[in-house]
Amino acid sequence: MDVASALSYLHNHCEPKIIHCDLKPSNILLDNEMIAHVSDFGLARLLTTTNDSSQKHTSTIELKGSISYTAPEYGIGGEASAEGDVYSFGFLVLEMFTGRRPTNDMFRDGLNLHNFVKIALPTRLVQIVDPLLLPREAIEMGAATTTIMAKEEAGDNVTMPMKLK
Numbered sequence: 001m002d003v004a005s006a007l008s009y010l011h012n013h014c015e016p017k018i019i020h021c022d023l024k025p026s027n028i029l030l031d032n033e034m035i036a037h038v039s040d041f042g043l044a045r046l047l048t049t050t051n052d053s054s055q056k057h058t059s060t061i062e063l064k065g066s067i068s069y070t071a072p073e074y075g076i077g078g079e080a081s082a083e084g085d086v087y088s089f090g091f092l093v094l095e096m097f098t099g100r101r102p103t104n105d106m107f108r109d110g111l112n113l114h115n116f117v118k119i120a121l122p123t124r125l126v127q128i129v130d131p132l133l134l135p136r137e138a139i140e141m142g143a144a145t146t147t148i149m150a151k152e153e154a155g156d157n158v159t160m161p162m163k164l165k
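In structure tokens:
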């Protein structure tokens, strides 16, 4: 929840809004009380809105980031967006639930972490979840939620406030 709250703050309460663009495990730090903090804003973008609220602009520097956690639309020239950060967050949570990184050797020939979890829902979930994460009810709820966050198709992702409601 700490990372979700941080993203919600960056996307909805900062002016201008901040898009992280490189959310991945190594950019999440835990303090002495095990509170998660988002770090490394080196690739972050500012999202500014003109007086015409339908026009949004991000900085024009080429988007980079960790390919396994980057939203698909970034690969086809899409602009930085809150939805892209939510996509990355979804993969972070999927990684925590399964104990598998998106770069795991098992993910090839069209199989990726998202598909791996989606295929297991709802009947084989216990087989793919990290055995350290139980009870089963929590696993089922979390996996269903994160597959909604980390959609496969470019532009299908949602914003963090939709997730926190």
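Residue 160 in UniProt numbering sits at position 160 of the sequence shown, and the numbers go up by one each step.
Glycine residues also receive a C-beta, built at the ideal position from the N, C-alpha and C atoms.
Computed from a prediction, not measured in an experiment: that's the story for all the values here.
Beta-bridge analysis with DSSP links HIS114 to no other residue. When DSSP states are grouped into helix, strand and coil, HIS37 belongs to the strand group. Less than 8 Å divides the Cβ of ALA80 from the Cβ of ILE19.
Here the alpha carbons of CYS21 and GLY84 stand approximately 7 Å from one another. Below 8 Å, enough C-beta pairs join the stretch 6-20 and the stretch 37-49 to call them touching: three or more.
Going by C-alpha positions, PHE116 is about 12 Å away from GLY99.
ASN27 sits buried, since 16 or more C-beta atoms from the chains shown fall within 10 Å of its C-beta. In the displayed model, THR48 falls within a strand according to three-state DSSP. ILE76 sits in coil when the DSSP states are folded into three classes, being neither helix nor strand. Within the stretch 8-37, the beta strand (DSSP E) runs of at least 3 residues that lie entirely inside it are, in chain order, 17-19 and 28-30. Between ALA4 and PHE89, the beta carbon gap of about 7 Å places them in contact (Cβ cut-off 8 Å). In the structure shown, the three-state DSSP call for ALA6 is helix.
With respect to the 8 Å criterion, LEU113 and PRO102 are classified as neighbours on the basis of their beta carbons. Around the Cβ of THR145, a 10 Å sphere holds fewer than 16 other Cβ atoms; the residue is exposed. DSSP places ALA71 outside both helix and strand once states are collapsed to three, so it counts as coil. In the three-state reduction of the DSSP assignment, MET96 falls in the helix class, which pools H, G and I.
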